[in-house]
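To start, the structure under review is shown below, and the notes come after it.
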Amino acid sequence: MQKPYVVKEIEKHYDVVTNIGFTGELEGNILYSFTENVAKDIVNNMMDGMMKIEEINDMAISAIGELGNMVSGSIGTNLEKYGYNIIVTPPSVFTGKIVKVNSKGAIIEFPVYVSGDNQMDLYFIYREIHKKS
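So for the sequence shown, the working numbering puts the first residue at 3; every next one is plus one.
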């Protein structure tokens with residue numbers, strides 16, 4: 003994974019985006035953004051050879067959503083260690099040609115190389131609501 007950095011807006015377009023919201027002392031979204039090929043590679047790795055995904059179908063969407071759910075749960079657990087209690091919402095997966103994401107709040111981009119040159123982008127978009135002392 004490359005170093006994360008702050009962006010003013012999400013300028014890239016994607017084929018598959020998983021959106022997971024969160025509320026609590028921080029409010030915002032975690033976005034997992036992929037090209038179709040990267041999404042298929044990730045799902046095929048998750049399936050560990052049990053079946054081959056050739057297209058983004060219902061099985062692939064379910065797997066991509068579950069991946070986002072697991073990672074977001076881990077992010078929530080780690081934020082709690084820093085005093086931020088959040089509640090994570092169920093994932094929503096959007097597909098289509100060139101999905102454009104609009105967002106409000108501070109945006110941190112995490113470029114993640116999943117294999118070779120295949121990259122997914124994770125965006126952490128947040129607004130601080132109330133932090134306990």
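Just so you know, even glycine gets a beta-carbon here, dropped at the ideal spot from N, CA and C. Predicted model, so just to flag it, every value in this text is computed and none were measured.
Integer Cβ distance of residue i from residue j, believed to fall under 8 Å
i	j	result
residue 109	residue 8	7 Å
residue 44	residue 97	At roughly 14 Å, the Cβ-Cβ gap does not stay under 8 Å, so residue 44 and residue 97 are not in contact.
residue 95	residue 12	Contact doesn't hold; Cβ gap of about 17 Å is too wide.
Helix, strand or coil at residue i [DSSP, three-state]
i	result
residue 103	coil
residue 142	Outside the shown range of the chain, which is 3 to 135, sits residue 142, and nothing can be said about it.
residue 111	strand
residue 120	strand
Local Cβ density within 10 Å of residue i, reported as buried at 16 or more and exposed below that
i	result
residue 31	buried
residue 78	buried
residue 25	exposed
residue 131	exposed
residue 111	buried
DSSP beta-bridge partners of residue i
i	result
residue 28	130
message: With three or more beta-carbon pairs closer than 8 Å as the criterion, would you say the region 35-51 touches the region 77-91?
response: no
task: Taking 8 Å as the threshold, find out whether the region 50-69 comes into contact with the region 120-127 through three or more Cβ pairs.
output: no
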